[in-house]
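Read the structure below first, then the notes.
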Amino acid sequence: MTIPTTELPESLQTLFLEVEQTNQSVTVTHQGKPIAIITPANPPKPNRPAFGFMQGQGEILGDIIAPIEQPWEVLQ
-5 MTIPTTELPE SLQTLFLEVE QTNQSVTVTH QGKPIAIITP ANPPKPNRPA
45 FGFMQGQGEI LGDIIAPIEQ PWEVLQ
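Residue numbers (our numbering): -5 to 70.
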């Protein structure tokens, strides 16, 4: 949607509400040339639980508790 600067003062509040409701940007023009873009603020991120959101994503590759077969060279 575009709106010329001549129409901006009388419709600014309505324009802000429309941008908020439709989540669409509006281009403001002066003599047919775009001079500004009014965009909606970033919507809040959806709430996700702090625990459990990665459930089922990991993979156990081996025994991490048993001692390793070879000692590290650094420890010798």
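Heads up, the beta-carbon is just placed ideally off N, CA and C, and yes, glycines get one too.
Predicted model, so just to flag it, every value in this text is computed and none were measured.
Query, Result
"Separation of residue 51 from residue 43, as counted between CA atoms", "15 Å"
"Closest Cα partner of residue 29 within the set 54, 41, -1", "-1"
"Rounded C-alpha distance that separates residue 27 from residue 47", "47 Å"
"Every unbroken beta strand (DSSP E) inside the stretch -4 to 64 [3 residues or more]", "-4 to -2, 20 to 24, 27 to 32"
"Contact with chain C by residue 60, beta-carbon distance below 8 Å", "Of the chains in the structure shown, none is chain C; there is only one protein chain."
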